[in-house]
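Numbering follows this note's numbering, with no gaps: position 236 of the sequence shown is 236.
For each residue, glycine too, the CB sits at the ideal point set by N, CA and C.
This report concerns only the one structure given below.
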Amino acid sequence: MRRLTGSITVFLSLVFLLIFALFGTLLETARYTVCKNHAARTLRTGAEGLLSEYNRPLYEHYGLFFIEKGGTPYEQVIGRYAGDTISAADKGEIDFLDGGVDDIQVKNKVYLGDNHAEALQKQIRSYMGRVVTKEQLQKVLHSSNDLKKVEKSAKNIETTVENQKKAAECYTDLLELMRLVDGITVTGGTIICEQEFVKMFVTGECKGQNFGVTEGAVWKQMKKNLDQSTKDWNIKNKLKFLAKVSKVKGRIKQAQKIGEKLKNGSASKDDTISRVIAVLPVLKTNLDILTRTEEILQKDSVKNCKKRLEKLWQDYDTSSIVFDYTGVEEDGGGENPKDSLEGSFSKGILSLVVKSPSKLSKKSIQSPDSFAEYYKEQEKDKEDYEKRISDFISSDTVSLTGILGDMADYGMDEFCLDEYIQHKFLAYGEKTDAKWKQALDYGLEYLAAGKASDEENLESVLNRILLIRTVTNFVALESDSKRRGEARAAAIAAVGFTGLAPLITLTQTLILITWSISESLTDVAALLDGRDVPLWKTPKRFVTNFTEIVLMNHDSLQKRAKRFPKSKKSSFGYQQYLMLFLAMTKQSTRRYRVMDLIQNTMQKNGYKGFKLGSCVYEMKVCGGFLFPSHFFRMAPLESVLGRDVKNCRINVEIRAGY
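Structure, rendered in structure tokens:
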């Protein structure tokens with residue numbers, strides 16, 4: 001039998017190849033693991049290289065790290081940094097870490113304003129973390145506790161006025177009837193008679209008794225506006241006369257509505273009101289006469305129908321409805337201090353309380369609350385505090401509640417934000433940096449009010465302070481019997497002629513509110529001048545005497561403001577009011593307004609294309625890397641594997657941000 005030679009050699013060769021393939025596979029697998037870690041480090045380095053290209057002016061002026069979107073795509077920048085890193089490993093022909101970048105993708109960018117500008121808050125918290133302390137936060141919260149009583153007091157004032165209005169409602173209606181029927185209004189210390197009223201037509205002897213008026217001062221004013229053309233029907237201008245008739249018809253219809261309201265009202269009626277209600281039916285007779293007169297004159301001339309008109313007008317009644325004017329003197333009695341408010345506020349609060357109104361900043365921005373609007377978090381109706389004052393002036397509407405917000409959830413995050421705001425932005429009275437121009441000089445006021453111009457924002461803040469101080473000052477006035485007595489005397493002088501106690505009480509309260517507003521204007525002027533104005537005063541600390549209530553002009557207020565001492569470290573000053581208003585503003589609103597200010601200020605300083613909303617805080621980076629195989633490419637292994645393995649692709653995914 002022939003012996004086979006070489007069979008053992010082939011067998012050993014096959015075994016060796018298998019062992020070599022296993023060993024090579026283990027080596028290559030271990031290498032790929034190292035390469036994967038190297039790829040992750042490379043991608044991280046590339047991403048951090050991108051993040052190192054943050055906006056430098058944004059960091060220098062606001063301490064914020066964000067990268068702008070624009071220019072070279074993020075993928076190219078990361079690829080360049082990653083390419084430099086990975087190529088540094090290529091030092092020889094057989095380098096275990098040599099490889100290359102296949103592709104880079106940047107996904108899921110987190111922009112500065114996303115999620116209620118949470119990224120901005122994180123940066124600010126990090127920036128301010130070393131500055132603020134819990135003790136400072138507790139101090140702010142303690143200050144807010146002093147203001148909590150304001151809301152309760154404001155509610156009490158509103159309730160008091162509302163109850164007094166209800167009690168005096170029928171009496172104020174009676175005064176309106178006086179105006180419509182007799183044309184008489186007593187206001188500002190003066191008796192005024194309107195041009196058209198129910199009793200304006202003379203049909204008999206022209207004397208006060210025929211018009212239900214016995215007071216000489218009232219008759220003197222009424223007599224001036226009487227129309228005697230109906231006495232002899234010598235009408236020179238028929239159209240003019242018909243226009244008067246039409247207006248008087250309107251007055252009668254208004255008077256009838258008030259008469260029905262008094263008749264059906266649930267409030268108790270005194271003798272005066274009952275007497276007036278009893279004779280109100282004469283208004284219907286007078287209205288019928290006026291209507292018939294219009295019909296006659298529209299069809300014929302006065303001359304042709306004179307006798308018909310004379311007969312018709314015999315029943316026109318000017319004497320049955322009688323109002324009591326006892327106590328009204330020729331000078332109209334006392335002046336109601338409230339009447340001086342309208343003239344004082346005609347040019348707004350800034351013209352009264354600011355020491356030099358002409359020097360106020362005229363700066364404005366084009367689109368206030370633009371970021372809040374973009375993220376659909378804009379306030380639907382911004383509070384107009386000036387309207388509360390104008391409503392009180394025009395219609396005795398007292399609206400003092402809701403001036404303050406809620407600080408129940410105020411914590412360290414919000415405190416960091418407010419402290420950052422105070423560090424980076426200016427308020428009224430602070431000096432600006434000539435090298436770094438501000439979009440708005442009164443940045444803190446914008447953050448609290450959100451209006452377009454410095455003047456509007458300052459005005460809104462000052463009106464808000466004015467309303468707070470009106471509440472606290474009213475509480476002090478009401479607690480002082482002497483000042484209540486002075487207001488009572490003024491109310492009697494103003495409306496005492498009516499003899500209507502509820503109306504006098506209501507007028508007294510309105511005078512006290514007016515006094516509070518006058519004192520509050522002085523307070524605001526003093527706060528702006530850096531003086532110590534206690535949040536809650538005692539009556540002794542009042543600087544506005546009763547005779548000075550009506551002196552609500554610029555010079556008088558500035559003079560009275562100097563009666564307050566200069567502020568101390570413990571004083572609750574203008575800046576403290578501002579910071580509390582900020583604390584009571586929705587946190588996301590403050591963040592978006594901070595973004596408004598930063599973007600507008602950056603653009604004002606030469607960075608015209610700067611868009612803060614396009615700045616990125618965080619992103620997801622996906623990278624694909626190719627590493628050439630070394631051990632798999634050996635001929636024996638390729639023969640065993642049955643294919644040519646040139647490269648291995650490794651995919652890496654990381655989160656990168658500041």
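Exposure of F11 is indicated by the presence of fewer than 16 other C-beta atoms within 10 angstroms of its C-beta. Burial check for P502: the Cβ neighbour count within 10 Å reaches 16 or more, so the residue is buried. Secondary structure note for N457: its alpha helix (DSSP H) is the uninterrupted segment D454 to E478.
For C170, the enclosing alpha helix (DSSP H) has its first and last residue at K134 to L177. For the alpha helix (DSSP H) assignment, the uninterrupted runs of no fewer than 4 residues enclosed by the segment 537 to 594 are, from N- to C-terminal side, 554 to 561 and 574 to 583.
Of the candidates S614, G99, S126 and V77, S614 places its Cα closest to the Cα of Y374. Shown here, I517 sits in a helix according to DSSP, grouped into three states. With distances taken between CA atoms, K338 lies nearest to I389 out of V322, E28 and I389. Taking the Cβ atoms as the reference, R31 lies roughly 48 Å from D413, outside the contact range of under 8 Å. Within 10 angstroms of the beta-carbon of K451 lie 16 or more other beta-carbons, which makes it buried. Scanning its chain for C-beta atoms nearer than 7 Å, with the 5 sequence neighbours on each side dropped, one finds around Y54 the residues F65, F66 and I67, in chain order.
When secondary structure is reduced to three states using DSSP, P368 falls in the coil class, being assigned neither helix nor strand. Nearest to I258 by C-alpha distance, out of K249, L280 and V245, is L280. Taking the C-beta atoms as reference points, T33 is found no nearer than 8 Å to A82. Here T470 is buried: its Cβ has 16 or more other Cβ atoms, across all protein chains shown, within 10 Å. In the structure shown, D102 falls within a strand segment according to DSSP collapsed to helix, strand and coil. Assignment of beta-bridge partners to G624 by DSSP yields D103 and N651. Around the C-beta of L26, fewer than 16 other C-beta atoms lie within 10 Å, and the residue is accordingly described as exposed. Residue pairing by DSSP places V77 in no beta bridge whatsoever.
Under the 10 Å beta carbon count, Q314 is surrounded by fewer than 16 other beta carbons and is classified as exposed. By the Cβ-count criterion, G183 is buried, with 16 or more other Cβ atoms from all chains shown falling within 10 Å of its own Cβ. Counting along the chain, I321 sits inside no alpha helix (DSSP H), nor does DSSP assign it H or E at all.
Non-local beta-carbon contacts of K244 in its own chain, meaning distances under 8 Å to residues more than five positions away in sequence, involve E196, M200 and D227 in chain order.
The Cβ-Cβ distance between F371 and Y592 falls below 8 Å.
Counting the other CB atoms within 10 Å of its CB gives Q123 a total of 16 or more, which places it among the buried residues. Rounded to the nearest whole angstrom, the C-alpha separation of S367 and L597 is 11 Å.
E151 has its alpha-carbon roughly 42 Å from the corresponding atom of C193. Around the Cβ of Y59, a 10 Å sphere holds fewer than 16 other Cβ atoms; the residue is exposed. Separation of the CB atoms of L177 and V276 is rounded to 7 Å, and the pair is thereby assigned contact status at 8 Å. Contact between Y316 and I289 holds, with the beta-carbon distance rounding to 5 Å and staying under 8 Å. In this structure C170 touches G265 by the C-beta definition: roughly 6 Å separates them, less than 8 Å.
T509 and V161 do touch by the CB rule: their CB atoms are close to 6 Å apart, below 8 Å. Contact check for Y658 against P57 fails: the beta carbons are separated by 8 Å or more. Contact annotation, R590 with L582: C-beta distance approximately 6 Å; criterion of less than 8 Å satisfied. For Y607, no alpha helix (DSSP H) segment is defined, and its DSSP state is neither H nor E.
In this structure, V594 places its C-beta atom within 8 Å of the C-beta atom of L447.
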